[in-house]
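Data first, discussion second: the structure below is written as structure tokens.
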Amino acid sequence: MAKKAKSVTVSETENFRLEADSIGTKQVPVDALYGVQSLRAKENFPITGERMNPVFIRSMAQLKKACAIANMKAKELTPEQAEVIIAACDKIIAGEYLDEFIVDPIQGSAGTSMNMNANEVIANIAIVSMGGKPGQYDMIHPNDHVNRGQSTNDIIPSAGKITTLFLLDRLDKSLATLEKELLKKAKQFDGILKMGRTQLQDAVPMRLGQEFNAYATAVARGRQRIRKASEEMTALNMGATAIGTAINANPKYFNTVVKEISKVTGKKFTQAEDLIDGTMNIESFAAVSGAVRDTAVALSKMSNDLRLLSSGPRTGIGEINLPAMQNGSSIMPGKVNPVIPEVVNQAAFRVIGNDVTIAMAAEGGQMELNAFEPITFYSLFQSIEILANAVDTLTENCVKGITANKQRCDDLLHASVGIVTALAPIIGYQASANLAKEALKTNVPVKVLAVQKGIMTEEQLNEVLDPYKLTEPPVRK
């Protein structure tokens, strides 16, 4: 049974209460639900000027709730203590008290300040609900009660994994919608013939629908890659406490806490087989970041294509039209830029940069703990959310409104010498190359030259150079 903790509150004035920790004493705003450790962290880490991600705060509250339930079942907390802690966590899970989480997401000490911010806020919400005042920790103590059987070293990485999974749910939904819209365009554009390009030079004929189908395939592959990497997020090191040896954790709590986390979050988690490994190594987050990065790379490449295919509109390729979203210039009237693909490019650049940060942070840990989880989570959460937002605007403000310039596609196709490739198996590579050179030099179509030179009859050429047939690969067997 947990012993009753003594209050660390020393005194109180009209506007402040005086709290003490191992560093000394410090004035805390009298009504604040955070405490001395949170306030020190706020002052020590003025790095981004931002607050912790709301989904991460919710994840910590879910963990603390599950821990309270497990500790109650293990008789480490009385039912009364557990009930007020659980009720406090439920309020945070519902989105209340976010303003009380004051520490910067980038901080020292492997996230101790994040954990203590949660412990203090939960404790003080519980204290107030019992009729006490914030800081009266003899009623509910941030460490002895809220953090019982836990360490920053298992709470923070576990909260990071839970948060990542919830954020990835939203990203997957966004990607699924984009994939669906790209497939719609693939079907809509399937009958439009155009010239394919390699290294920005004419290649061989294809259908515009095939191009958009390939974009959808890349998105589907990205979703699959992310889902595979996210499986590593389901193994939690909860119960590991300080370094994986489970010091100070009640055996019953140790064996039930992850089950309670699964119930509270609605997601299936398991306890890591090797808790020391689960505490010292965080490359699983690098794996997720890598999958998100790869998807961002594919989306950025697609955005490059959309910009090129819509370029002009009179002096570029101009095979497709992107929706006009806003003025493109403060000096050139009527100019409209491909702003949505451009913003997707920039989101991808941010994701790629964050991935480098995450890789360095995962590598930078030493011995039994990685101190760089805060920057890892800040970067990963940002990557997932930025990419999801970028995908949403790409889908809604660009892909859905894309139209094809069928006549332009047809004109460019027939003006190209790329179809000469189909003649190579019949008349040979060099003869085909000579025909292409002459067509470019004289500006006479390949088919006309081939007939004039008696290489093939017009009927034979129409059969061999049928563009639609040239776009169909053999049937798979």
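If you're matching positions, the sequence shown starts at 1081 in the numbering used here and goes up one per residue.
Glycine is no exception: its CB is placed at the ideal position from the N, C-alpha and C atoms.
Taking residue i as the reference, which of the options has the closest Cα?
i, options, result
"L1474", "L1503, I1438 and E1422", "E1422"
"F1457", "G1191, E1176, S1102 and T1158", "G1191"
"I1506", "K1480, V1479, Q1540 and V1497", "Q1540"
"Q1279", "L1388, C1478 and P1159", "L1388"
"M1382", "I1202, N1425 and L1355", "N1425"
"G1276", "A1329, K1527, T1158 and E1291", "E1291"
"L1545", "A1530, G1534 and K1557", "A1530"
"L1178", "R1131, V1208 and Y1548", "R1131"
"S1496", "N1523, R1430 and N1417", "N1523"
"T1128", "T1093, L1113, I1182 and D1170", "I1182"
"K1213", "E1518, N1434 and L1098", "L1098"
"E1353", "D1282, N1317, A1329 and G1240", "N1317"
"M1140", "N1227, K1122 and I1362", "N1227"
"T1501", "K1155, S1209, M1286 and D1357", "M1286"
"I1168", "K1122, N1133, S1409 and I1220", "Here the sequence assigns Ala to residue 1168, which means Ile is not the residue at that position. Among K1122, N1133, S1409 and I1220, the Cα nearest to that of A1168 is on I1220."
"F1452", "I1362, A1309, N1328 and I1205", "I1362"
"I1202", "S1410, K1144, N1293 and K1253", "K1144"
"Y1548", "A1519, I1499, N1151 and I1535", "I1499"
"Q1511", "N1542, T1093 and I1535", "Per the sequence shown, the amino acid found at residue 1511 is Ala instead of Gln. For A1511, the nearest C-alpha among the options comes from I1535."
"Q1462", "A1300, G1240 and K1122", "G1240"
"V1436", "V1526, G1370, R1394 and G1414", "G1370"
"D1218", "Q1161, K1260, E1176 and G1175", "Q1161"
"P1553", "V1284, N1542, V1526 and A1300", "V1284"
"I1207", "D1111, I1356, A1315 and A1100", "D1111"
"N1095", "I1235, K1106 and D1101", "K1106"
"S1390", "N1542, N1407 and N1417", "N1417"
"K1260", "I1272, A1300, Q1281 and K1339", "A1300"
Would you grab the beta carbon distance between residue i and residue j for me? Rounded to a whole angstrom, and I think it's under 8 Å.
i, j, result
"H1225", "I1165", "7 Å"
"I1464", "V1372", "6 Å"
"L1402", "I1482", "6 Å"
"I1455", "A1441", "5 Å"
"L1449", "N1233", "6 Å"
"F1125", "D1184", "4 Å"
"V1368", "F1246", "The Cβ separation is near 13 Å, so there is no contact."
"Y1114", "E1163", "So it is not a contact: roughly 22 Å between Cβ atoms."
"V1431", "I1466", "6 Å"
"A1484", "L1288", "6 Å"
"I1205", "K1253", "I1205 to K1253, Cβ: 32 Å. No contact."
"S1310", "L1386", "At roughly 28 Å, the Cβ-Cβ gap does not stay under 8 Å, so S1310 and L1386 are not in contact."
Just curious, the alpha helix (DSSP H) that residue i is in, first and last residue?
i, result
"F1096", "That residue, F1096, is in no alpha helix (DSSP H); its beta strand (DSSP E) goes F1096 to A1100."
"M1360", "L1355 to M1360"
"T1243", "T1232 to Q1268"
"Q1117", "V1116 to N1124"
"M1382", "E1363 to L1389"
"T1607", "Since the displayed the chain opens at 1081 and closes at 1557, residue 1607 lies outside it and no answer follows."
"R1488", "K1486 to A1495"
"V1531", "V1526 to Q1532"
"N1514", "Y1509 to T1522"
"Q1540", "E1538 to V1544"
"L1550", "P1547 to L1550"
Can the beta-carbon of residue i be found less than 8 Å from the beta-carbon of residue j?
i, j, result
"G1398", "R1250", "no"
"M1196", "P1222", "yes"
"Q1142", "I1242", "yes"
"V1108", "G1215", "yes"
"F1334", "G1319", "yes"
"L1503", "K1274", "no"
"Q1187", "T1321", "no"
"K1265", "V1479", "yes"
"A1146", "V1337", "yes"
"K1332", "K1153", "yes"
"D1374", "R1305", "yes"
"Y1052", "L1255", "What the structure shows of the chain is the stretch from 1081 to 1557, and residue 1052 is not part of that stretch, so it cannot be assessed."
"M1313", "S1364", "yes"
"I1438", "A1326", "no"
"V1471", "L1258", "yes"
"I1173", "R1138", "yes"
"Q1117", "S1193", "yes"
"G1445", "M1360", "yes"
"T1244", "L1379", "no"
"M1405", "N1469", "no"
"G1358", "A1428", "no"
"Y1486", "I1235", "Note on residue identity: the sequence assigns Lys, not Tyr, to residue 1486. No, they are not a contact pair."
Give the range of the beta strand (DSSP E) segment to which residue i is assigned.
i, result
"D1282", "Q1281 to R1287"
"L1273", "L1273 to T1278"
"K1106", "T1105 to P1109"
Should residue i be listed as close to the ligand FMN, given that the test is whether its C-beta is under 7 Å from any heavy atom?
i, result
"A1315", "Looking at this structure, you won't find the ligand FMN or any other ligand, since it has none at all."
### Task
Entirely within the stretch 1396-1423 and at least 3 residues each: give me those beta strand (DSSP E) ranges in chain order.
None, since the stretch 1396-1423 contains no complete beta strand (DSSP E) of that length.
### Query
Could you give the uninterrupted runs of the alpha helix (DSSP H) lying entirely in the stretch 1298-1352, keeping only those of 4 residues or more?
The DSSP assignment places 1331-1345 as complete runs of the alpha helix (DSSP H) inside the stretch 1298-1352, in order along the chain (cut-off: 4 residues).
#### Entry: Complete alpha helix (DSSP H) runs within the stretch 1126-1160 (minimum length 4 residues, chain order)
DSSP runs (the alpha helix (DSSP H)) wholly in the stretch 1126-1160: 1134-1153.
### Whole runs of the alpha helix (DSSP H) within the stretch 1191-1215, excluding any shorter than 4 residues
Listed in chain order, the complete alpha helix (DSSP H) runs (minimum 4 residues) inside the stretch 1191-1215 are 1192-1209.
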